[in-house]
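Worksheet for the structure shown next.
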Amino acid sequence: MAIKSKELAGMLGVSAATMSLVLNHKPGISEELRNSLLEKIREMGYGYMIREEDERGEKEETAGDKTIAYVVLSEYHDDVEEAAFFPKVIEGTEREARRLGYRFTILHIYDESGAKLKEIIGKEQFVGMLIYAAQVNSRMKEALDALEVPWLLIDCFCPDAEASAVTVNNRQGIYAAVKYLYGRGHRKIGYVSSGRPLCSLMERRRSFRYAMEELGLTEEPLFCVEEAGCGQKAQEYLEELWKDAERIPTALLVENDVMAVAVYRALKSNGLRIPEDVSVIGFDGRSICSMLEPALTTLRVPRRVMGRLLVTLLLQKIELQSRSAEDVTVRLEINTELVEMESVADAKE
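Going by my numbering, the first residue of the sequence shown is number 437, and it counts up by one from there.
Here it is as structure tokens:
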């Protein structure tokens with residue numbers, strides 16, 4: 437009776453991904469483990485599942501056997517605010533992949549449900565995938581797992597999905613910013629959020645609340661903007677909101693540097709000076725920080741390093757899966773660095 441490779445993997449106590457590498461003569465596991473599994477498979481009478489090698493006795497290797505795919509599953513990657521963040525991450529990823537002898541490709545799949553994954557990626561063969569998505573639910577995880585290709589998430593950690601990821605340490609960064617403002621005498625500190633449902637941005641908002649509590653401060657709802665929107669819409673919304681002087685704190689922490697542009701314009705439109713009247717801190721460390729007037733203090737994310745670590749963790753995950761049937765979920769966080777510019781002053785009160 438024929439069985440599936442996943443069932444055979446369970447019988448031998450290895451992961452489905454490892455079994456796929458063995459049956460298809462793909463790289464990614466030690467030769468000792470490969471030979472041991474091949475011998476057991478033949479002894480069990482399932483040798484017919486092993487893919488034949490070419491007549492020269494060499495293992496057939498396709499481009500996909502040594503290709504790492506950067507897969508974009510989110511519409512937010514095309515948003516101008518996000519597009520400015522990821523090129524350096526991609527650059528770091530590609531450089532590290534090629535340095536280690538792997539090919540690198542980028543795929544854009546506009547599919548939040550996972551329905552098209554098998555149709556598009558199933559035709560390819562990758563040693564591993566780096567997945568960018570705004571959110572990953574259980575349905576999407578099942579679709580990704582069904583491809584039997586090791587994968588991990590880029591700057592997105594969804595506890596319900598139980599997927600490995602490399603992310604920004606948002607809690608460390610936000611705490612560093614709030615503590616810095618506290619040290620400059622600020623007690624009336626607010627937060628500006630676009631309201632976009634991206635894992636990283638939502639985590640930053642929660643981290644602000646934690647940081648305020650840890651420093652013994654009370655979060656004032658009047659000072660916090662939950663859904664400002666983006667671009668011109670955000671600027672107009674904030675301009676109207678801040679006509680009420682009661683809503684203006686002495687310092688603002690903004691979810692990212694691009695949103696800080698709208699914050700700057702809205703404050704100045706209401707006759708407020710930065711940093712004399714309101715101090716402002718951004719997040720990400722984008723080049724736009726030095727172009728603003730005054731230059732924006734921000735939390736810098738080492739994006740190229742993040743890219744390199746994505747490849748490192750992916751290859752480690754592949755190695756772990758080759759040794760055990762147990763799939764271990766790992767989250768690797770990258771700390772931010774507070775870069776002091778000119779947008780923060782000591783509190784007057």
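Quick reminder that beta carbons are idealized off the backbone N, C-alpha and C, glycines included. All values reported here derive from a predicted model rather than from experimental measurement.
Here DSSP, grouped into helix, strand and coil, assigns Phe562 to coil. Approximately 4 Å separates the beta-carbon atoms of Cys635 and Cys592; this is inside 8 Å, confirming the contact. Here the stretch 718 to 731 lies against the stretch 689 to 708, with 3 or more beta-carbon pairs under 8 Å apart. Ranked by how close their Cα comes to the Cα of Leu637, the residues Glu479, Arg575, Leu689 have Leu689 in first place. Around the Cβ of Ala569, a 10 Å sphere holds 16 or more other Cβ atoms; the residue is buried. Ser451 and Ala597 have their alpha carbons spaced roughly 18 Å apart. By the CB criterion at 8 Å, Phe659 and Pro685 fall inside the cutoff. Rounded to the nearest whole angstrom, the CA to CA distance from Val764 to Trp678 is 48 Å.
In the structure shown, the three-state DSSP call for Phe540 is strand. Ile717 places its beta carbon less than 8 Å from that of Ala613. Secondary structure at Tyr700: helix, using DSSP grouped into helix, strand and coil. Rounded to the nearest angstrom, the gap between the Cα atoms of Glu691 and Arg487 is 51 Å. Per DSSP, reduced to three states, the secondary structure at Ser715 is strand. Of the residues Leu653, Ser629, Arg640, the one whose Cα lies closest to the Cα of Lys669 is Ser629. Of the other Cβ atoms in all chains shown, fewer than 16 fall within 10 Å of the Cβ of Asn471; this residue is therefore exposed.
In the structure shown, Leu674 adopts helical secondary structure according to DSSP, grouped into three states.
Within the DSSP bridge table, the entry for Tyr568 names Val508 as partners.
Setting aside the 5 residues that flank it on each side, Ser715 is surrounded in the same chain by Ala687, Val780, Ala781, each with a C-beta closer than 6 Å to its C-beta; the list follows chain order. Rounded to the nearest whole angstrom, the C-alpha separation of Glu662 and Arg640 is 12 Å. If you draw a straight line from the Cα of Arg739 to the Cα of Lys462, it comes to about 31 Å.
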